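Okay, structure first, notes after.
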Amino acid sequence: MATGPARDNRTLRGGLDLGGTKIQAVVITRTHRVVGEARVPTPVDGGPEAVATAMAEALGAAASTAGVAPRYLAGVGVGSPGSVDARAGTVSQAGNLPGWDGSFPLGDRLSHLLGCAVRLGNDVQVANRAEMRLGAGRGHPSFIGVAWGTGVGGSVVLDGRLWVGRGAAGEIGHVVVVRDGALCTCGRRGCVEAYSGRAAMEATARKRVDRGEKTQLFRLMKQFGRTRLTSGVWARALDDGDAMATDLIDRAVGALGTGIASAINLMDIGTVIIEGGLGIRLGQPYADRIAEAMSPHLFLPERAPEVKVAALGDLGGAIGAALLVGAA
């Protein structure tokens, strides 16, 4: 693992965004300027131990670029999918991470590997925290953040405060849009994520290929040296007019629109921020399509919320994680 010069700089903070296909690391200053960043693929084998090691390597590389050893950072924040117990430092039920069974003490393991304090948070919630303070959420006291990536996550900001409920508020990916519908990665049926999550979409594409349907998706995956259908693979297939990719993305947009509209009907919030790897890669044109898909399901379509893409891009989750360091 790259460690960089052994220079003490407690004004710098590290952030790690753990995703289903990638791990993004940043080092930021007190004024939130990114001075180091690195990205590595999320391991497909080895379970939580392999993931923790890869996270430490990514943070080490980012810290090296910033000219500081990880042990001399003020601390490192982590945004993780699954059920996060920040006090215990554990992550459980991370179904979109391969081999992540049961609960794993990610905080302690990373602290041991990096030599500094580590603080955990939910991945979508920390990304929303960053958008609220530094990005697309500024000027919007209340908004819903929707992370469209390997899975579908969500987070809610109400009157300038992140609403966490009893710990699982904002899980829009598990709003049911089709009763007894497609099997979701959570084990239930009909969730938004079962139609819109990248992992679920890939599983559906593989089944359709097994039935004899044609697609460029898996050829592009191999061409780009990937082991899974990443956001870049989907985007390229759409650009090439691939029929299966287009059909699956259309279905995903429809499910997202239905689920988000239900949340708007419940809470009457005026802004939706689309985050996550796929949402950011496909950009505002697809945010606009999600808005169109919401319209038939809105109780007050004439007061439809603004739907826009996260301003901080791919680094938003890692920056938000870094903001956990020193947070009350």
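Residue numbers for the sequence shown follow this note's numbering, so the first one is -5 and each next one is one higher. Yeah, the Cβ is synthetic: ideal placement off N, Cα and C, and Gly gets one too. Keep in mind it's a predicted model, so treat the numbers as computed, not measured.
For the alpha helix (DSSP H) containing residue i, list its first residue and its last residue.
i      : result
Asn116 : From DSSP, Asn116 is part of no alpha helix (DSSP H) but of the beta strand (DSSP E) over Val112 to Asn116.
Thr47  : Gly41 to Ala60
Gly271 : Gly271 to Leu276
Ser256 : Ala237 to Met261
Arg213 : Leu211 to Gln217
Trp94  : Careful: Trp94 lies outside any alpha helix (DSSP H) and carries neither H nor E.
Ile313 : Gly310 to Ala316
Arg103 : Leu100 to Leu108
Closest to residue i by CA distance: which of the options is it?
i      : options                           : result
Leu242 : Asn259, Ser256, Leu223 and Ile258 : Leu223
Leu306 : Ser97, Gly139, Gly164 and Ala52   : Gly139
Ala46  : Thr59, Ser105 and Val78           : Ser105
Asp308 : Glu269, Ala316 and Glu286         : Glu269
Ala163 : Asp153, Val170 and Ser149         : Ser149
Ile254 : Asp95, Asn122, Trp157 and Val301  : Val301
Ala141 : Ala246, Phe293, Thr25 and Gly8    : Ala246
Asp233 : Gln217, Phe212 and Leu276         : Leu276
With respect to the beta strand (DSSP E) encompassing residue i, which residues constitute its N-terminal and C-terminal limits?
i      : result
Gly73  : Val70 to Ser74
Lys201 : It is not in any beta strand (DSSP E) - Lys201 instead sits in the alpha helix (DSSP H) that spans Arg192 to Asp204.
Our contact map puts residue i next to residue j with C-beta atoms below 8 Å; I'd like the distance itself, whole angstroms only.
i      : j      : result
Leu91  : Pro75  : 7 Å
Asp117 : Asp236 : With 8 Å as the limit, Asp117 and Asp236 do not qualify as a contact, their Cβ atoms being about 29 Å apart.
Leu100 : Val72  : 7 Å
Gly133 : Gly147 : Incorrect: roughly 23 Å between the Cβ atoms, too far for contact.
Ile267 : Ala130 : 5 Å
For residue i, count neighbouring C-beta atoms within 10 Å of its own C-beta (all shown protein chains included) and say buried if the count is 16 or more, exposed if not.
i      : result
Asn259 : exposed
Ala82  : exposed
Pro279 : exposed
Leu272 : buried
Leu214 : buried
Ser225 : buried
Lys16  : buried
Gln119 : buried
Leu250 : buried
Gln18  : buried
So, for residue i: in the same chain, excluding its five sequence neighbours on each side, which residues have a beta-carbon less than 8 Å away from its beta-carbon?
i      : result
Asp174 : Arg183 and Gly184
Taking 7 Å as the cut-off, is the beta-carbon of residue i closer than that to any non-hydrogen atom of the ligand GDP?
i      : result
Phe137 : Here there are no bound small molecules, and the ligand GDP is not part of this structure.
Between which residues of its own chain and residue i is the CB-CB distance below 6 Å, once the five residues before and five after are set aside?
i     : result
Val85 : Ser74, Gly76, Val78, Phe98 and Leu100
Would you say residue i reaches chain C, if we count a Cβ-Cβ gap shorter than 8 Å as a contact?
i     : result
Thr59 : Absent here is chain C; the protein component of the structure consists of one chain.
For residue i, which residues in the same chain have their Cβ closer than 7 Å to its Cβ, ignoring the five residues on either side in sequence?
i      : result
Ala239 : Thr209, Leu211, Trp228, Ala231 and Leu232
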